[in-house]
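Residue numbers (UniProt numbering): 1 to 169. Here is the structure we will look at.
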């Protein structure tokens, strides 16, 4: 089985707030331009911006929920129920071409570039995806490629199965 790309699919939207940007930064990326408005104004960004890792983490949340929603319709012993997105081999070409500012609503996307059946695991496939996020005006803020081994159900998420409590719409 090999599939062709079907175009990008939206998996979620998230509005980044100043409070959430600072909370994530305190825990995972404590740089001044993520933590403090005054320091951010003096930085090359000129304003408070989200960590690039924050944007990746939000993308991952939507990606998992999109696949978990599809897995809910399967028997409980199906591999996609336990591991809806499978195992990642790594990210390639990770880029943050523009900053995410407080108040920005970001649209998260995933696109399958290629899928092929696993030679060693029946019912599993190796997927190559292009993933991205952009502001509502179309400005790209995140892009990367992902290769992962996942249950074949993971080829086509229809959308987020559940949304985070804050920031999502």
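Backbone N, C-alpha and C fix where the C-beta goes; we use that ideal spot for every residue, glycine too.
ask   = Whole alpha helix (DSSP H) runs in the UniProt domain "MaoC-like" (14-116) with 4 or more residues, listed along the chain?
value = 18-28, 32-35, 37-42, 52-71, 79-82
inquiry  = I want to know whether the segment 31-45 touches the segment 128-137 - three or more CB-CB distances under 8 Å.
reply    = No, because fewer than three Cβ pairs between the segment 31-45 and the segment 128-137 fall closer than 8 Å, the two stretches do not touch.
ask   = Between which two residues does the beta strand (DSSP E) harbouring residue 151 extend?
value = Here residue 151 is taken as the residue at index 151 of the chain shown, counted from 1. It spans 140-151 - the beta strand (DSSP E) in which residue 151 sits, taken as one unbroken run.
query = Going by other Cβ atoms of all chains shown within 10 Å of its Cβ, with 16 needed for buried, is residue 73 buried or exposed?
reply = As a position in the chain shown, residue 73 is number 73, starting the count at 1. Under this definition residue 73 is an exposed residue.
task = Please determine, among 99, 85, 83, the residue with the shortest C-alpha to C-alpha distance to residue 54.
result = Along the chain shown, one-based indexing puts residue 54 at 54. Considering only alpha carbons, the answer is 99.
message = Please state whether the Cβ-Cβ distance between residue 47 and residue 102 is less than 9 Å.
response = In the chain shown, residue 47 corresponds to position 47, counting from 1. In the chain shown, residue 102 corresponds to position 102, counting from 1. Yes, these two residues count as a Cβ contact at 9 Å.
message = For residue 9, list the residues DSSP reports as bridge partners.
response = The residue you call residue 9 lines up with position 9 of the chain shown. Answer is 110.
message = Beta-carbon within less than 6 Å of residue 128's beta-carbon, same chain only, minus the 5 sequence neighbours each way: which residues are those?
response = Here residue 128 refers to the residue found at position 128 of the chain shown. Correct list, in chain order: 113, 114, 147.
Which of helix, strand or coil DSSP assigns to residue 118 = Within the chain shown, the letter at position 118 stands for residue 118. DSSP places residue 118 in coil when its eight states are reduced to three.
request  = Output yes or no for whether 9 Å exceeds the beta carbon distance between residue 78 and residue 150.
outcome  = By 1-based counting over the chain shown, the position of residue 78 is 78. By 1-based counting over the chain shown, the position of residue 150 is 150. No, the pair does not count as a contact, with Cβ atoms beyond the cut-off.
key: Chain-order list of residues whose beta-carbon lies under 6 Å from that of residue 84 (same chain, five-residue window excluded)   = Residue numbering aside, residue 84 sits at position 84 when the chain shown is read from its first letter. Correct list, in chain order: 67, 68, 71.
request  = Pull up the distance between the alpha-carbon of residue 89 and that of residue 61, whole angstroms please.
outcome  = The residue given as residue 89 occupies position 89 in the chain shown. The residue given as residue 61 occupies position 61 in the chain shown. Looking at the two C-alpha atoms, the distance is approximately 18 Å.
inquiry  = Taking 9 Å as the threshold (C-beta atoms), are residue 143 and residue 95 in contact?
reply    = To locate residue 95, count along the chain shown from 1; it is residue 95. To locate residue 143, count along the chain shown from 1; it is residue 143. Cβ atoms of residue 95 and residue 143: closer than 9 Å.
message = As a quick exercise: from 105, 25, 17, pick the residue whose alpha carbon is nearest that of residue 140.
response = Position 140 of the chain shown, counted from the first residue, corresponds to residue 140. Comparing Cα-Cα distances from residue 140 to each of 105, 25, 17, the minimum goes to 105.
Same chain only: Cβ atoms within 6 Å of residue 22, ignoring 5 sequence neighbours per side = Here residue 22 refers to the residue found at position 22 when the chain shown is read from its first residue. Correct list, in chain order: 35.
request  = Using 10 angstroms around the beta-carbon of residue 11, count the other beta-carbons present and answer buried if the total reaches 16, otherwise exposed.
outcome  = For the purposes of this step, residue 11 is identified with residue 11 of the chain shown, where counting begins at 1. The residue is buried, with at least 16 neighbouring Cβ atoms inside 10 Å.
task = Leaving out five residues on either side along the sequence, give the residues of the same chain with a beta carbon under 8 Å from the beta carbon of residue 109.
result = Stepping through the chain shown from its first residue, residue 109 is reached at position 109. Correct list, in chain order: 8, 9, 10, 11, 131, 132, 133, 134.
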